[in-house]
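Chemist: Can you keep this structure in mind? I'll have questions shortly.
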Amino acid sequence: VPAMKKFRIHPKKMVVMAFAAALCLAVAACHASATREYGAVRSSDVFRIWAHSDIQPKNEQEFFHYETAIEDIARKLPGIDMALVAGDIVYAKKDADRYYRWFLDAREKAGIPLWFEIAGNHDARDLDAYRRNIGKPLHYAVTIDNVLIILMSDERRTPQSEISQTTFEWWRGLVSTNQDKIIITVTHACLAGSGLASSHFPTMRLASSGRFEKVLKEFPVDLWISGHNHMTSSIVSKFSRPRSFPRTLFVEVASIHLTALSGIESYILEFRNGSADCRVLTRDHQSAGFVPLGMVEHTLRIPYRRGSGVPEIQLPTQHSIRPAPAP
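Everything in the sequence shown is counted per my numbering, starting at 329 for the first residue and increasing by one.
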């Protein structure tokens, strides 16, 4: 048997190897901790929302993106109370009805009882198809327990989210008169002053954001959920709590559509009964795990109070849901 060749590892290499091993263990521990924490808080005292957006498959070959997420939710995260979809359910006007039917069939497998959606800029290419299949108006509000969720769709087929003045006034009225509730606003694009990376690009934000921002300074909302920006959380931060709006956590929940710049990601919002602490976790559905360092905690203006869990839907008047006029 030939003699084994002796070898030595340079001390500097040993330090690098030790650091790499420690880093791997730390990342694994973070991932396991996030998963463990989720399991540890599962109880009837916790209200959970699955927030996601930008499903928009271009063809049937891309159905597996969303179906992967649905399977992960059904198998690994049962017991979610509600789903919020922040727009762009379909990609194009062509065959929109078929793609909406696929979406409705796919979501049934998630085991989530309540679904609330808005139309994004892609859905706005055929708003009649959106209304026909989703069965909800473009703008509406949902009250469940002591949480008010205000949902506002894109009204025109432009990259920006365009929301009419009458719809804005409806939102302002709800926000100003419901400060005794936890308030969540859902739009497809983010506010210009949100501090999110996409807010620096005019086509990626709400048109005429200033009117909303003026109201927020006097009547804050607790969370503002948006989509539209497909970049994954490993490239840009999906959370922002800017100095201008310290009581509002802005969360960008796109994208659940797999591209070169985005994985199959979504977000879990958790509210614990009697607590003003809310936390938002980033879910990577391809690995069926939570993203290390992808969790943020936010202090709500008031504690969450568990109630009957039965939602009450509030619709604006027909006048306030008119599409924005063309320029």
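No residue lacks a Cβ here, since even glycine has one placed at the ideal position from N, Cα and C.
#1: Does the distance from the CB of A434 to the CB of Y468 come in under 7 Å?
#2: Going by C-alpha to C-alpha distance, which of D451, E546, M623 and H585 sits closest to M559?
#3: What is the DSSP secondary structure of S305, counted as helix, strand or coil?
#4: Anyone know if the C-beta pair for G635 and D473 falls short of 7 Å?
#5: Just the Cα atoms here: how many angstroms apart are S565 and E390?
#6: Which residues in the same chain as L628 place their Cβ atom closer than 6 Å to its Cβ, once the five residues preceding and following it in sequence are excluded?
#7: If you follow the alpha helix (DSSP H) that E497 is part of, which residue opens it and which one closes it?
#8: Check T513 in the structure and name its three-state DSSP category.
#9: Closer than 8 Å is the cut-off here; do at least three beta carbon pairs connect the stretch 435-448 with the stretch 478-490?
#10: Among the candidates T576, S504 and M532, whose CA atom is the shortest distance from the CA of H516?
#11: Over what stretch of residues does the beta strand (DSSP E) that includes F529 continue unbroken?
#12: According to DSSP, is A350 helix, strand or coil?
#13: What does the Cβ neighbour count give for P530, buried or exposed, with the cut at 16 atoms within 10 Å?
#14: Thinking C-beta only, is D400 closer than 7 Å to H613?
#15: How about E598 and V418: do their beta carbons lie closer than 7 Å?
#16: Tell whether a beta-carbon distance below 7 Å holds between S554 and G521.
#17: Taking only the alpha-carbon atoms, compute the straight-line gap between D382 and V413 and give it to the nearest angstrom.
#18: Using beta-carbon positions only, say whether V608 and V619 come within less than 7 Å of one another.
#19: With a threshold of 16 other CB atoms inside 10 Å of the CB of V638, please say whether the residue is buried or exposed.
#20: Per DSSP, V608 is paired with what?
#21: Sort out for me which residues DSSP pairs W430 with in a bridge.
#22: Counting only runs of 4+ residues fully inside the stretch 369-418, write out the alpha helix (DSSP H) ranges in chain order.
#23: Using a 10 Å radius around the Cβ and a threshold of 16 neighbouring Cβ atoms, would you call S372 buried or exposed?
#24: So, under 8 Å CB-CB, D581 and H380 are touching, yes? Tell me the CB distance rounded to an integer number of Å.
#25: Bridge partners of S554, per DSSP?
#26: In terms of residue numbering, what span does the beta strand (DSSP E) encompassing A469 cover?
#27: Relative to the C-alpha of R485, which candidate in F496, A420, I641 and R611 has its C-alpha closest?
Modeler: Quick look at the numbers:
#1: Taking 7 Å as the Cβ cut-off, A434 and Y468 do not qualify as a contacting pair.
#2: Measuring from the Cα of M559, the nearest candidate turns out to be H585.
#3: The requested residue 305 does not occur in the structure, where the chain is confined to residues 329 to 655.
#4: The answer is yes: Cβ separation under 7 Å.
#5: The alpha-carbon atoms of S565 and E390 are separated by roughly 25 Å.
#6: So the qualifying residues of the chain are I510, D550, A604 and C606.
#7: First-last of the alpha helix (DSSP H) with E497: Q493 to T505.
#8: Strand, per DSSP.
#9: Touching, yes, given that three or more Cβ pairs across the two stretches are closer than 8 Å.
#10: It is M532 whose Cα lies nearest to the Cα of H516.
#11: Looking at the DSSP string, F529 is not in any beta strand (DSSP E), and its letter there is neither H nor E.
#12: Its pLDDT being 39, under 50, A350 is placed unreliably by the model, and nothing is read from it.
#13: By the 10 Å Cβ count, P530 comes out exposed.
#14: Taking 7 Å as the Cβ cut-off, H613 and D400 qualify as a contacting pair.
#15: No, they are not a contact pair.
#16: The answer is no: Cβ separation not under 7 Å.
#17: Answer to the nearest angstrom: the Cα atoms are 8 Å apart.
#18: No, Cβ-Cβ distance for V608 and V619 is not below 7 Å.
#19: Classification of V638: exposed, given that the 10 Å Cβ count is below 16.
#20: Residue pairing from DSSP places V608 in a beta bridge opposite L597 and V624.
#21: The bridge partners DSSP lists for W430 come to none.
#22: DSSP runs (the alpha helix (DSSP H)) wholly in the stretch 369-418: 391-404.
#23: Within a 10 Å sphere around the beta-carbon of S372 sit fewer than 16 other beta-carbons, which makes this residue exposed.
#24: Checking the sequence shown, residue 581 turns out to be Val, not Asp. With 8 Å as the limit, V581 and H380 qualify as a contact, their Cβ atoms being about 5 Å apart.
#25: DSSP lists E580 as the beta-bridge partner residues of S554.
#26: Annotation for A469: the continuous beta strand (DSSP E) segment containing it runs H467 to I472.
#27: The residue with the shortest Cα to Cα distance from R485 is A420.
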